[in-house]
Every structure is written in structure tokens, then in C-alpha cells.
Amino acid sequence: MTPLFHRVWFVLLVAGVVVTLSVAILALRNRETDGATALAVTASSITIWLLGDLGATLATTVSGSTRWVQFLWIGAALTPTAMFVLVVRYTGRTRFLTDWVRTGLVLATGLMIAVVFTHGSHTLLWREVYAAPETPIGIAFDHGPAFYAYTVYAYSLTAAAALLVGQFYARSKTIYRGQAAALAVAILAPWTASTVFVIGMTDFDPSSLAFTVTAAAFAVAILRYRFVDVMPIARETIVDAIEDGVVVLDNQGRIIDANPQAVSLLGVDDSIVGRDASNALPDPVTDRGRADGCDEVTVQDTERNRYLAIDETAITDSDGRPLGSLLIVRDVTEQRRYERELERQNERLDRFASVVSHDLRNPLNVADGYRSILAERYDDPELDEIETSLARMEHIIEDVLTLARHGDVVDDRTYIDLGTLATVAWNGVDTGEATLRIETNDHRISADESRLTQALENLFRNAVEHGSTSPASSTRQDAVEHGGRDVTVTVGTVEGETVGRSGSSATVEPTEAASTQADGFYVADDGVGIPESDRDAILEAGYTTNQDGTGLGLDIVSQIVQAHGWSLAVTESADGGARIEIDYEPDHGPADDEPTERHSQTA
Numbered sequence: 272m273t274p275l276f277h278r279v280w281f282v283l284l285v286a287g288v289v290v291t292l293s294v295a296i297l298a299l300r301n302r303e304t305d306g307a308t309a310l311a312v313t314a315s316s317i318t319i320w321l322l323g324d325l326g327a328t329l330a331t332t333v334s335g336s337t338r339w340v341q342f343l344w345i346g347a348a349l350t351p352t353a354m355f356v357l358v359v360r361y362t363g364r365t366r367f368l369t370d371w372v373r374t375g376l377v378l379a380t381g382l383m384i385a386v387v388f389t390h391g392s393h394t395l396l397w398r399e400v401y402a403a404p405e406t407p408i409g410i411a412f413d414h415g416p417a418f419y420a421y422t423v424y425a426y427s428l429t430a431a432a433a434l435l436v437g438q439f440y441a442r443s444k445t446i447y448r449g450q451a452a453a454l455a456v457a458i459l460a461p462w463t464a465s466t467v468f469v470i471g472m473t474d475f476d477p478s479s480l481a482f483t484v485t486a487a488a489f490a491v492a493i494l495r496y497r498f499v500d501v502m503p504i505a506r507e508t509i510v511d512a513i514e515d516g517v518v519v520l521d522n523q524g525r526i527i528d529a530n531p532q533a534v535s536l537l538g539v540d541d542s543i544v545g546r547d548a549s550n551a552l553p554d555p556v557t558d559r560g561r562a563d564g565c566d567e568v569t570v571q572d573t574e575r576n577r578y579l580a581i582d583e584t585a586i587t588d589s590d591g592r593p594l595g596s597l598l599i600v601r602d603v604t605e606q607r608r609y610e611r612e613l614e615r616q617n618e619r620l621d622r623f624a625s626v627v628s629h630d631l632r633n634p635l636n637v638a639d640g641y642r643s644i645l646a647e648r649y650d651d652p653e654l655d656e657i658e659t660s661l662a663r664m665e666h667i668i669e670d671v672l673t674l675a676r677h678g679d680v681v682d683d684r685t686y687i688d689l690g691t692l693a694t695v696a697w698n699g700v701d702t703g704e705a706t707l708r709i710e711t712n713d714h715r716i717s718a719d720e721s722r723l724t725q726a727l728e729n730l731f732r733n734a735v736e737h738g739s740t741s742p743a744s745s746t747r748q749d750a751v752e753h754g755g756r757d758v759t760v761t762v763g764t765v766e767g768e769t770v771g772r773s774g775s776s777a778t779v780e781p782t783e784a785a786s787t788q789a790d791g792f793y794v795a796d797d798g799v800g801i802p803e804s805d806r807d808a809i810l811e812a813g814y815t816t817n818q819d820g821t822g823l824g825l826d827i828v829s830q831i832v833q834a835h836g837w838s839l840a841v842t843e844s845a846d847g848g849a850r851i852e853i854d855y856e857p858d859h860g861p862a863d864d865e866p867t868e869r870h871s872q873t874a
């Protein structure tokens, strides 16, 4: 070997040590990234290999060079294993790293290191070590069976790693191709150099020079393609499999990744990867700015406008340094069309409510005026029938307006004393001589006061009109008169009891003082009750067992209950009458500061 060759060899080894050691340190600083630890071990192993070669080059005796080569073999034993693990993690094929494979890799590596350091007691690795001035390290070896066994092992792992990288490169349509190409060079360079030596094409092993190429490839992968910042672990499994579009931008606004869903939703082609987002993406997307948050844009499709929700999130490393941003693209076209149709339906419903309120009430008011005039002139019981019918019509109008204008909307929630609200609602209903019992223990709930009052009024009206133990009435007034004499309506709390929608409660209504913390409340009566077969049907709009009823009262109650996030069950009271039970959702239960005194009164 000429002096010039030795100087070049020495410089390349030093350069390789500096670069691989830097890669190892940088990888350790980013060890939170999956695969970074494997990269650090790989780079460290190569550094040991190069340091051993460097020491052997500087040694002046055969024994000195041999000891440095033994040190080199620590790196040689570790490098194929570490590089294989790195590639497996990089490509997301960690399923290959089973417990058996891990054990095999550790045993093979440890066994090889043991063989190297026990060289003096056997000839498994080298049969003979002799001076060879023509080689860069000044010695040569007559290799034993362990060397060739190791060569098969190392080449097998290297071939498997190269195959995985090649498959990843072929599948990838992103900037990760650059990373994969750099990693492929890092793997194949020393493999090729070692092959040249093993087949006898050269007198010395040029693998160390090839590892300098490996170090350069790692440097390119890190500096050019940010290898340790953004690694495509299981990229195909995660990004390509999700239904939403995904676009990844770097700090310069360049597209470094995009899944097929994003390409389809944005109406662009696969060539957007690697291009500037301002040129590759539709103007409405880029004009929205670069800030965290969700915006909605309209993209012109070939046949129609497409509405897209763009959710942008900043990407940072473990130190908070910005790496780029992530765009999640969702097609909300159908949702927007549904919303517009819903708005149109609400407008039609509001117009209908106005017609009901104005056009129907006017003739009713006229009819009631003439009835009043006739009542002053004549004492005829049929005029009472007319009054009842007109009142029923007014009641129907009120129910229809409630359904049309409020529906399942709950506006402002406040904490309300249930007993007080029940009393107010009771006084707002024509209950005749019926009796109200309050057994709520000063229980308070978070609810819309106006809507809950409506619900209680309908429940009380239903109990009075349908809960009578007397014969069925021919008119609403008769129902009030008969029901009022013998119906007692009770409002109480449900303590830890859950009832199915059409099931029957076997628990007696509470009559003793109890904690104000409750799972819900109920309205019960001691009337004739509701047959179990009818308990689902009575909640449907238009269903009634009273020829003078509207069939809307309990439907309104059900809507108000659902709007609060509660559930409603129809069951039987302890006295055999009807019991309507409302169960709370956890977030809408009683106030935390409820008083504990018992609240019981008779209205």
C-alpha cells in the first residue's frame, strides 16, 4: 500500500467515526421517536467498527493490530443485528420481532462476541493471523468456520433488511422515498464491499471504507429528509387506512405526505408530494392561512361544489421545535346539505305555526264570542258542549304550537327546586278538586324552567283527565270534575332505581325522608292506571284513550325529557295507578349544594 493510500484510508476512517458518532448522539437526543434508539445502536456499532479499524491501522505489531481487530469485531457482531432492527421499526414490520426472533438475535450476537474474545483458546474465528504489509491494517487472517457462519448470519439479516426497505420504497409515494433510498445505500454499501472481500476480489476488507459511505447516507437522511424527526412507522397502516384525508407539510409549506383520500377529496393528483402547497393545493385551501384550528372551504368539483372541513395542527418535536403541520380533510358536503334542508323544514314549520296561531285562532275567537252572546240569552246545556269543544280546540292549538316551535330544544338550564316548580305547574292546570302531594326533599335539578313546567303541566293534566276512578266522562269538564274528587297526584324522587321503558316497578314509592341526591323523579297517581300493553303507545303522537284528548300531551313530555338528555319510563304506581318516571343523565342531575331538609306539602 502506498503512503497516499494509507493517508486517504486514515482520513476516511476518521471522517466515518465523526459522522457515525454524531448520528448516534443525535438519535439519542430524539429517542422518543420510534426507531431512534435502534438508529443510535446501529451508528454506535459502526463507530466501534471504524475505531477498531483505525486502531489496527495505527498499530505497529501483529499482536497490537489483532487486539484492535478483536475490538472491531464487537461492532461487527452488533451492526447487522442493530441495522435489521432499525429497518424493521422504520418500515413498521415490528410483528417480525417476536420473542423467538429477539432471543435468537441476542444469542447470535453474544456468541459471536464470545468467540472473538476467546480467540486464543481456539481457531473457530481465525486459524492463523500473520503479518501482511500490503493491507491497510498490516495483518491478514486465515478464517475459520465461525467467520463463515457469521458471514451467512450477517448477510441474511442484511438481505432481509434490504428487502424490507425495497418493499417500502416501492409502496411509498411520499418524501419518505428519499429516506428509504438513503437507508438502502447505508445498508448496501458495506454489504457490497464485504462481498468483494469474501469472494477474494481484494486482499483486504474494504468494509470500513464502505461504512464511510453509510455514515454519509445517514447524514443525508437526517439533514435532508429529517430521518430522526419524522419516521414513517406503520405509515401505510395508519395514514392510508383512515377515512379522512391527510396532508403533511414541512416548515417551508412543502407537501411531504398525502394519503389517497386527501388526493381524491382535494381533486388533485399524486404528484403533489414534494411540491409547494401553495401551488399544488386548491386556492380555497391555501388561502385559509396557516394556523391551528378548523376551517371550512368550498372546492369546485366537476359537477358541484364540495364542502371540506380542514383541521390544521402544528407538529413539533420533543423539544417543542416546529416540524411542520398536519391537515385533516373531511368531506362535509352531505352534512351541509342536510343542514340547509333542515333550515328549510324549520322555516316551513314556523310558517305552519304562524298559520295555526293566527288563521285558526281568529275563527275560534269569533265562535267563542257568539257563544258568549248566546249564553247571555239562553240557558242551554248544549252551549256548555260548545264551550268545551272550543276549549279543546284551543288546547290542540297550544300543543301543536309547542311541538312546532320548541320541539326538542332546551335553552337555558338553571338549578330549580322540583317541589316549587311542581306547585307552579299544578296551579297552571285546571285540576278541579284533585290533590297534589310533593315528596321531593327539596330536591333541585338542572333544567330549562319553562320547558320542564310544560312537561309537568301535561303530566298533571294527563293524570287528572285519565286517572279518574269514576266512570269515563263524555266531556273534558266532566273528566276534571270526576277526576278531581278522587285522584291524588304525587311528585317524588327516584332513589337509585332504574326502570325499563315499558317495565313495571316493584319498588314502593318512597314516603319517608331520604337523601336529596336522586337518580330522577316521578309523577304518579292513584287512578285506574295504564295497561302494560299500552305503555309504549301512549308516548306516541296522536295516541289517546280519551275521545276528547289531543294525543299530544305525553308526546310533548317525551320530547322535553329527551331534550334534557334524560329518559322516560311508563310504569305502575304503588296504588295501581299510572307512574311516569324520568331518569337523569349523570351530568344533569341535582345540584351539589342541595339542602337536606324534607320538603313535603299538599296542594
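Okay, so the sequence shown: first residue is 272 according to the numbering used here, each after it adds one. Cβ atoms here follow ideal geometry from the backbone N, Cα and C, with glycine treated the same way.
If you look at residue 758, you'll find it isn't in any alpha helix (DSSP H); DSSP assigns it neither H nor E. Going by DSSP, residue 839 is part of the beta strand (DSSP E) stretching over 838-843. With respect to residue 798, residue 763 sits apart: the two C-beta atoms are not nearer than 8 angstroms. Beyond the five residues adjoining it in sequence on each side, residue 580 comes within less than 7 angstroms, by CB distance, of 565, 567, 601, 603 in the same chain, given in chain order.
Residue 472 is classed as exposed because its beta carbon has fewer than 16 other beta carbons within 10 Å across all chains shown. With fewer than 16 other beta carbons inside 10 angstroms of its own, residue 388 counts as exposed.
The beta carbon of residue 396 is closer than 7 angstroms to those of 386, 387, 390, 415, 417, 418 in its chain, skipping five residues each way along the sequence. When beta bridges are read from the DSSP output, residue 516 appears opposite 600. Note that the segment 656-665 does not touch the segment 686-695; fewer than 3 beta-carbon pairs, one per stretch, sit closer than 8 angstroms. Just so you know, the alpha carbons of residue 429 and residue 393 end up roughly 28 angstroms apart. DSSP links residue 274 through a beta bridge to no other residue. Residue 629 counts as exposed, since fewer than 16 other C-beta atoms from the protein chains shown sit within 10 angstroms of its C-beta. Fully enclosed alpha helix (DSSP H) runs of no fewer than 4 residues occupy 447-469 of the segment 447-475, in order along the chain. Boundaries of the beta strand (DSSP E) around residue 412: 410-414. Residue 288 is positioned such that its CB atom lies no closer than 8 angstroms to that of residue 310.
Comparing alpha carbon positions, the residue from 718, 700, 655, 699 closest to residue 685 is 718.
Going by DSSP, residue 794 is part of no alpha helix (DSSP H) but of the beta strand (DSSP E) stretching over 791-796. Counting only runs of 4 or more residues that sit fully inside the segment 295-353, the alpha helix (DSSP H) segments are 307-329, in chain order.
In the DSSP assignment, residue 713 forms no beta bridge with any residue. One alpha carbon belongs to residue 716, the other to residue 688, and they sit about 7 angstroms apart. Under the criterion of beta carbons closer than 8 angstroms, residue 352 and residue 359 do not qualify as touching, at roughly 11 angstroms.
Residue 707 sits in a strand when the DSSP states are folded into three classes. For the pair residue 277 and residue 554, the Cα-to-Cα distance works out to about 59 angstroms. Note on residue 729: 16 or more other CB atoms within 10 angstroms of its CB, so buried under the neighbour-count rule. In this structure the segment 475-485 touches the segment 457-464; the number of beta carbon pairs closer than 8 angstroms is three or more.
Taken through DSSP and simplified to helix, strand or coil, residue 698 comes out as helix. Burial check for residue 611: the Cβ neighbour count within 10 Å stays below 16, so the residue is exposed.
Distance check between residue 736 and each of 598, 433, 801 places 801 closest, using alpha-carbon atoms only. Exposure of residue 370 is indicated by the presence of fewer than 16 other C-beta atoms within 10 angstroms of its C-beta.
Residue pairing for residue 529: DSSP places it in a beta bridge opposite 518. Per DSSP, residue 585 lies in no alpha helix (DSSP H) segment; the continuous beta strand (DSSP E) that holds it begins and ends at 576-587. Annotation for residue 556: the continuous alpha helix (DSSP H) segment containing it runs 554-557. The DSSP-derived three-state label of residue 688 is strand. The beta carbon of residue 700 sits closer than 8 angstroms to those of 728, 731, 732, 735, all from its chain and outside the five residues before and after it, given in chain order. With respect to the C-alpha of residue 420, the residue from 380, 400, 639 having the closest C-alpha is 380. In this structure, the CA atom of residue 652 is about 9 angstroms from the CA atom of residue 646.
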